Each structure stands twice: as structure tokens, then as C-alpha cells.
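First the structure, in the form of C-alpha cells, and then the observations on it.
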Amino acid sequence: MAEITKEDVVSFIEKMTVLELSEFVKELEEKFGVVAAAPVAVAAGAMAEGGGDAADEEQTQFDVVLASIGEKKIQVIKEVRAITGLGLKEAKTLVEEAPKPVKESVSKEEAEELKGKLEAVGATAEIK
Numbered sequence: 028m029a030e031i032t033k034e035d036v037v038s039f040i041e042k043m044t045v046l047e048l049s050e051f052v053k054e055l056e057e058k059f060g061v062v063a064a065a066p067v068a069v070a071a072g073a074m075a076e077g078g079g080d081a082a083d084e085e086q087t088q089f090d091v092v093l094a095s096i097g098e099k100k101i102q103v104i105k106e107v108r109a110i111t112g113l114g115l116k117e118a119k120t121l122v123e124e125a126p127k128p129v130k131e132s133v134s135k136e137e138a139e140e141l142k143g144k145l146e147a148v149g150a151t152a153e154i155k
């Protein structure tokens, strides 16, 4: 039996349709118990970093980050639950692990509103 090289595999994949390639990837994921989504996320992150200053000027998506909880931990947990829809245990964990993102990829207006709600109960929040 002849040995298959990496070049043979690449050549084989080049000839596949998108649908065939998608099915092939699913088969590999099932066979080896891995997920191929991580490299795509890394590549997307690398492409986003290439934008530099232009991306900063045109930012339309913001993250609301809980910087610190302050003295009213229970009220902060309640507010985080209301904002995120998390259960009590998950919200408590998020609050205790501050600084931590509470809500990601929201509009500037919503980010400012959420920051105000968190600060109203004694927490410190940031918009990034």
C-alpha cells in the first residue's frame, strides 16, 4: 500500500465541493472527538486585529464589564441576573469573578444603560 502524503490530502480536499468538505469535517470531528471551530475563531480574531485604528474609530459593538462589586453584593447579583438571564448560581459566580464581562457585543446606548444599572446598585462597571 502506497503512503499518502500531506500534498495528496491537500489535493484531495481542493477537489471537494463546499458541501462535501463540510460533511468531511463533521466526520473527522466525530471520529477524533474534536471541534474545528476554534481555528476559525483564531483566524477571525487575527483579521480583526489587523484593522488597528480604523476599527477603534468605527466601533459599534461594546462590552459591559463588571470591574468590582462594591458593598452590595446581593443587589449586584440580582442586577446581573436581570441583565443576563443567568440563574442564581451562574450570576453569583460571574459577580465573584469580577472583573468579568456581563454583556458583550451590545450597542453603545444599551452598554451605557447597563453600566448605569450596575452602578446604581453599587458596582463599578466599564464599557470596552
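What the sequence shown shows, in my numbering, is residues 28 to 155, in sequence order.
Here a beta-carbon is modelled for each residue, glycine too, at the ideal position from N, C-alpha and C.
The structure presented is a predicted model; accordingly, all values stated were derived computationally and were not measured.
Check whether the Cβ atoms of residue i and residue j lie closer than 7 Å to each other.
i	j	result
Ala-150	Ile-96	yes
Glu-98	Leu-145	no
Ala-125	Leu-93	yes
Glu-56	Val-62	yes
Lys-130	Ile-110	yes
Since residue i sits in a beta bridge, which residues does DSSP pair it with?
i	result
Pro-126	Answer is none; Pro-126 lacks a bridge partner.
Val-37	According to DSSP, which records beta bridges pairwise, Val-37 is partnered with nothing at all.
So, at 7 Å on beta carbons, what are the nonlocal neighbours of residue i in its own chain, with the 5 sequence-adjacent residues on each side left out?
i	result
Lys-100	Val-122
Lys-155	Phe-89, Asp-90, Val-92
Ala-70	Residue placement at Ala-70 cannot be trusted, given a pLDDT of 46 that sits under 50; what the coordinates show is reported in the next sentence. No residues qualify anywhere along the chain.
Under 8 Å Cβ to Cβ from residue i, same chain only, skipping five residues before and after it: list those, please.
i	result
Ala-65	For Ala-65, the predicted structure reports a pLDDT of 49, less than 50, and the residue's modelled location is therefore unreliable. The matter cannot be settled from this model.
Thr-87	Ser-134, Lys-135
Arg-108	Gly-114, Leu-115, Ala-118
Val-36	none
Among residues of its own chain, excluding the 5 on either side of residue i, which ones have a beta-carbon nearer than 6 Å to its beta-carbon?
i	result
Gln-102	Val-148
Glu-140	none
Measuring CA to CA, which of the options is closest to residue i?
i	options	result
Asp-90	Ser-132, Gly-143, Met-43	Ser-132
Taking CB distances under 7 Å as the criterion, tell me whether residue i reaches chain B.
i	result
Leu-115	In the structure shown, chain B cannot be found, because there is only a single protein chain.
* At which residue ranges does the region 88 to 143 contain complete alpha helix (DSSP H) runs of 4 or more residues, listed in the order of the chain? -> DSSP runs (the alpha helix (DSSP H)) wholly in the region 88 to 143: 100 to 111, 115 to 123.
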